[in-house]
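As they're listed, the protein sequences go chains A and B.
Residues 3 to 159, numbered by the numbering used here, are exactly what the first sequence covers, in order.
Residues 25 to 318, numbered by the numbering used here, are exactly what the second sequence covers, in order.
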Amino acid sequence: MKRIINLIVNNKAYEIAVLPNRTLTQVLREDLNLLGTKEGCGIGDCGACTVILNGRPVNSCLVLAVQANGCNIQTIEGVADGNNLHPIQEAFVEYGAIQCGFCTPGMVLSAKSLLEKNPKPTEMEIREAISGNLCRCTGYQKIVEAIQAASKKMKKR
Amino acid sequence: MLLLPRFDYEEPKDLSEACRILAGLKGNGKVIAGGTDLLVNMKKGLISPTCLVGISKIPGLSEIEPQNGSIFIGSNLIVAKLTEFEVIKKKYPMLYEAASVLGSPLIRNRATIGGNIVTARPAADLPPPLIAMGARVRLKNRRGEREVELDRFFKGPGETIIKKDEILTGIILDEPPIFSGGNYIKLGHRKALEIAIVAVASFIVLDKPDGIIMDAKVILSSVAPKAIHAVSAEKTLIGEKPTDKLIERAANLASQDCSPIDDIRGSAQYRCAMVEVLTKRTLTAALKQAKKSR
Numbered sequence: 003m004k005r006i007i008n009l010i011v012n013n014k015a016y017e018i019a020v021l022p023n024r025t026l027t028q029v030l031r032e033d034l035n036l037l038g039t040k041e042g043c044g045i046g047d048c049g050a051c052t053v054i055l056n057g058r059p060v061n062s063c064l065v066l067a068v069q070a071n072g073c074n075i076q077t078i079e080g081v082a083d084g085n086n087l088h089p090i091q092e093a094f095v096e097y098g099a100i101q102c103g104f105c106t107p108g109m110v111l112s113a114k115s116l117l118e119k120n121p122k123p124t125e126m127e128i129r130e131a132i133s134g135n136l137c138r139c140t141g142y143q144k145i146v147e148a149i150q151a152a153s154k155k156m157k158k159r
Numbered sequence: 025m026l027l028l029p030r031f032d033y034e035e036p037k038d039l040s041e042a043c044r045i046l047a048g049l050k051g052n053g054k055v056i057a058g059g060t061d062l063l064v065n066m067k068k069g070l071i072s073p074t075c076l077v078g079i080s081k082i083p084g085l086s087e088i089e090p091q092n093g094s095i096f097i098g099s100n101l102i103v104a105k106l107t108e109f110e111v112i113k114k115k116y117p118m119l120y121e122a123a124s125v126l127g128s129p130l131i132r133n134r135a136t137i138g139g140n141i142v143t144a145r146p147a148a149d150l151p152p153p154l155i156a157m158g159a160r161v162r163l164k165n166r167r168g169e170r171e172v173e174l175d176r177f178f179k180g181p182g183e184t185i186i187k188k189d190e191i192l193t194g195i196i197l198d199e200p201p202i203f204s205g206g207n208y209i210k211l212g213h214r215k216a217l218e219i220a221i222v223a224v225a226s227f228i229v230l231d232k233p234d235g236i237i238m239d240a241k242v243i244l245s246s247v248a249p250k251a252i253h254a255v256s257a258e259k260t261l262i263g264e265k266p267t268d269k270l271i272e273r274a275a276n277l278a279s280q281d282c283s284p285i286d287d288i289r290g291s292a293q294y295r296c297a298m299v300e301v302l303t304k305r306t307l308t309a310a311l312k313q314a315k316k317s318r
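The following block contains the structure:
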């Protein structure tokens, strides 16, 4: 039986009827048409589906939409300010941290959670924070450099 | 895309409602906390409960409560919070260490302490330190409540003594004794999203800073169907004055106390060798801590 749930996604309130077996990834992509959140492995290993749920980055493929009822969610679509990219997104572009782009939304959200908690992370802390997000293209080095650059950019603003 | 089979979902507002629902489901229901293990198994088709019972709305299950000396950790508390509370880091550093190497940051933000226990995976990170520190679990059903030593909770891979209508509501840890120390080391191929090849948790209690070992627990993980005691190592340690030689002897005995298998993560022979290394390292660190603690 479908259940009515309320979500706040990127500061916008939604009321949706969902079956209990639908994941948060599915509802974001299929019902809200927010296609920035990717599904990679579907079992919590790759982090492509990362969203920020009540302030913490999580694998949305392992969250039931009904469990997210009443929660505040940020997806990659909510990171930029209109047409102005977030400093993390800018740095990813500048430092060549994006190749195929499939991991990027998750990487950016994990990086954002880190920098909000810890504005000046060490390289190890950055690597630790993105350790649940797999990238098969970049070898991570450019992603780490981009997050280091973003940390400096955000300090200046 | 991996799809979940169909099921119903209940979200009780309190424990008694949760117990009533579980009893009514007659074994076809499953409690869902973080879902990081349960949903994976359901997606893979390994289990298909007809109803999931979400416990996140039940008051008190997601908190840590001090209770005259001991602490009660609600089963629905996420693993990330075990690494954030000062009391855990200070009083139960071994639990902090295990929590900070579980899964990945993303998994730790969903996975719960209760879930890491009830799923009874032979390589689970939290049970070894919890067993070593003498943790108890509180189980509740419609008829009442019982407390069981975690040491007696596991039966084998995925199997525990929990009844189908029971909910694990929390974990109780007593105040660590004076002059005690513990250490947990997990050996994996990488530092994140790793299932341990071998993990060891050691806990020792001294009678005074330079005294003899009053109590010793050496818990070996990923080398048997469930976390086990290195029985002969523990026996060797208790009543003795700690020396490098004694620790080496205990570590050697620990490697003979386990019965690992060969699998994709490592051979039985390698695991036994690593049990010896990790037992030595964890005991040495535990001893150092015990000498300083008061």
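No residue lacks a Cβ here, since even glycine has one placed at the ideal position from N, Cα and C.
Inset, instruction - Using a threshold of 8 Å, state whether the C-beta atoms of L262(B) and A240(B) are closer than that. - result: Taking the first residue of the second sequence as position 1, residue 262(B) is located at position 238. Taking the first residue of the second sequence as position 1, residue 240(B) is located at position 216. According to the sequence displayed, residue 262(B) carries Ile and not Leu. Yes; because the gap between Cβ atoms is below 8 Å, this pair is in contact.
Legend entry - DSSP beta-bridge partners of N140(B): Within the second sequence, residue 140(B) is the residue found at index 116, counting from 1. Partner(s): none; N140(B) has no beta bridge.
Inset, instruction - Could you work out which residues of chain A lie near L49(B), taking near to mean beta carbons separated by less than 9 Å? - result: Position 25 of the second sequence, counted from the first residue, corresponds to residue 49(B). None at all; the shortest Cβ gap to chain A is about 14 Å.
Legend entry - DSSP state of F94(A) mapped onto helix, strand, coil: Along the first sequence, read from residue 1 onward, the residue named residue 94(A) stands at position 92. Residue state, collapsed to three classes: helix.
Inset, instruction - Answer with yes or no whether the minimum CB distance from V29(A) to chain B is below 8 Å. - result: Against the first sequence, residue 29(A) aligns to sequence position 27. No, because no Cβ of chain B sits closer than 8 Å to the Cβ of V29(A).
Inset, instruction - With DSSP as the reference, please indicate the residues paired to H253(B) in a beta bridge. - result: For the purposes of this step, residue 253(B) is taken as the residue at position 229 of the second sequence. I243(B).
Legend entry - Pairwise C-alpha distance: V222(B) and A122(B): Stepping through the second sequence from its first residue, residue 122(B) is reached at position 98. Stepping through the second sequence from its first residue, residue 222(B) is reached at position 198. Spanning the two alpha carbons is a distance of roughly 13 Å.
Inset, instruction - Could I get the ranges of all uninterrupted beta strand (DSSP E) runs contained in the segment 174-202 of chain B, with 3 residues as the minimum, in chain order? - result: 178-180, 191-197
Inset, instruction - Answer with buried or exposed for S128(B), where buried requires no fewer than 16 other C-beta atoms within 10 angstroms of its C-beta. - result: Residue 128(B) sits at position 104 when you count from the first residue of the second sequence. With 16 or more Cβ atoms within 10 Å of its Cβ, S128(B) is classed as buried.
Inset, instruction - Determine the direct distance from the alpha carbon of G139(B) to that of D61(B), and round the result to whole angstroms. - result: Taking the second sequence and counting its residues from 1, one reaches residue 61(B) at position 37. Taking the second sequence and counting its residues from 1, one reaches residue 139(B) at position 115. Taking the straight line from one Cα to the other gives about 8 Å.
Inset, instruction - Can you tell me which of E300(B), M157(B), S204(B), C75(B) puts its alpha carbon nearest to the alpha carbon of K315(B)? - result: By one-based count along the second sequence, residue 315(B) stands at place 291. Selected option, being the one with the closest Cα: S204(B).
Inset, instruction - Could you please give me the residues that DSSP links to K210(B) through a beta bridge? - result: Residue mapping note: residue 210(B) aligns to position 186 of the second sequence, counting from 1. Answer is A223(B), bridged to K210(B).
Inset, instruction - Taking only beta carbons into account, state which residues of the segment 32-66 of chain B come closer than 7 Å to chain A, listed in chain order. - result: D32, Y33, G59, T60, L63, V64
Legend entry - Contact the segment 130-147 of chain B vs the segment 97-109 of chain B: 3+ CB pairs below 8 Å: Pairwise C-beta distances place the segment 130-147 of chain B in contact with the segment 97-109 of chain B, as three or more of them are shorter than 8 Å.
Inset, instruction - State the CB to CB distance for the pair I202(B) and S94(B), rounded to an integer number of angstroms; the pair is presumed to be in contact (CB under 8 Å). - result: Taking the first residue of the second sequence as position 1, residue 202(B) is located at position 178. Taking the first residue of the second sequence as position 1, residue 94(B) is located at position 70. Rounded, the Cβ-Cβ distance is 15 Å, inconsistent with contact.
Legend entry - Option in G72(A), V110(A), E17(A), V68(A) with minimal Cα separation from H88(A): Here residue 88(A) is taken as the residue at index 86 of the first sequence, counted from 1. It is V110(A) whose Cα lies nearest to the Cα of H88(A).
Legend entry - According to DSSP, residues forming a beta bridge with D287(B): Numbered from 1 along the second sequence, position 263 holds the residue referred to as residue 287(B). Answer is G290(B).
Inset, instruction - Alpha carbon to alpha carbon, how far is V55(B) from K187(B)? Give it in angstroms, no decimals. - result: As a first step, residue 187(B) must be located in the second sequence, where it is residue number 163. As a first step, residue 55(B) must be located in the second sequence, where it is residue number 31. For K187(B) and V55(B), the distance between alpha carbons rounds to 12 Å.
Inset, instruction - With DSSP collapsed to three states, give me the class of A19(A). - result: As a position in the first sequence, residue 19(A) is number 17, starting the count at 1. A19(A) falls in the strand class under three-state DSSP.
Inset, instruction - Could you tell me if the beta carbon of E89(B) falls within a distance shorter than 7 Å of some heavy atom in the ligand FMN? - result: This structure lacks the ligand FMN, and indeed carries no ligand of any kind.
Legend entry - Exposed unless 16 or more other CB atoms sit within 10 angstroms - verdict on G44(A): Looking up residue 44(A) in the first sequence gives position 42. With 16 or more other Cβ atoms within 10 Å, it is buried.
Legend entry - A220(B): contacting residues in chain A (beta-carbon distance under 8 Å): Taking the second sequence and counting its residues from 1, the one referred to as residue 220(B) is at position 196. Simply none; closest approach about 16 Å.
Legend entry - V161(B), DSSP secondary structure in three states: Locating residue 161(B) in the second sequence gives position 137, counting from the first residue. In this structure, V161(B) counts as strand in the three-state DSSP scheme.
Inset, instruction - Figure out for me which residue from K250(B), T107(B), I185(B), S226(B) has the closest Cα to the Cα of R145(B). - result: The residue you call residue 145(B) lines up with position 121 of the second sequence. Among K250(B), T107(B), I185(B), S226(B), the Cα nearest to that of R145(B) is on K250(B).
Legend entry - Burial state of K144(A) (16 or more Cβ within 10 Å): Taking the first residue of the first sequence as 1, we reach residue 144(A) at position 142. Buried is the call here.
Inset, instruction - Name the two residues that bound the continuous beta strand (DSSP E) containing D32(B). - result: Indexing the second sequence from 1 puts residue 32(B) at position 8. Element bounds for D32(B): 32-34.
Inset, instruction - Give every residue of the same chain whose Cβ lies closer than 7 Å to the Cβ of G98(A), excluding the five residues on either side of it in the sequence, and list them in chain order. - result: The residue given as residue 98(A) occupies position 96 in the first sequence. Counting only Cβ-Cβ distances below 7 Å, and skipping sequence neighbours, we find K144.
Inset, instruction - Output the distance between the C-alpha atoms of G219(B) and N85(A), rounded to the nearest integer angstrom. - result: Here residue 219(B) refers to the residue found at position 195 of the second sequence. Here residue 85(A) refers to the residue found at position 83 of the first sequence. Rather than Gly, the amino acid found at residue 219(B) in this sequence is Ile. Answer to the nearest angstrom: the Cα atoms are 42 Å apart.
Legend entry - Contact list for S80(B) against chain A, beta-carbon separation under 7 Å: Translated into the one-based positions of the second sequence, residue 80(B) becomes position 56. What S80(B) touches in chain A: Q69.
Inset, instruction - Alpha carbon to alpha carbon, how far is R273(B) from G53(B)? Give it in angstroms, no decimals. - result: Residue mapping note: residue 53(B) aligns to position 29 of the second sequence, counting from 1. Residue mapping note: residue 273(B) aligns to position 249 of the second sequence, counting from 1. When rounded, the distance between both Cα atoms is 48 Å.
Inset, instruction - Rank G194(B), M157(B), K179(B) by C-alpha distance to the C-alpha of E171(B) and give the top, closest one. - result: Residue numbering aside, residue 171(B) sits at position 147 when the second sequence is read from its first letter. Of the residues G194(B), M157(B), K179(B), the one whose Cα lies closest to the Cα of E171(B) is G194(B).
Legend entry - 4 or more residues per run - each alpha helix (DSSP H) lying fully within the segment 96-124 of chain B: 103-106, 110-115, 117-124
Legend entry - Cutoff 8 Å: S128(B) Cβ touching any chain A Cβ: By one-based count along the second sequence, residue 128(B) stands at place 104. Look at S128(B): its C-beta is under 8 Å from a C-beta on chain A.
Inset, instruction - Taking C-beta pairs closer than 7 Å, name the residues in chain B that G134(A) reaches, listed in chain order. - result: Taking the first residue of the first sequence as 1, we reach residue 134(A) at position 132. Per Cβ cutoff of 7 Å: S128, P129, L130, I131, A216, L217.
Legend entry - Endpoints, alpha helix (DSSP H) assigned at C73(A): Residue numbering aside, residue 73(A) sits at position 71 when the first sequence is read from its first letter. Note, C73(A): premise wrong, no alpha helix (DSSP H); not H, not E.
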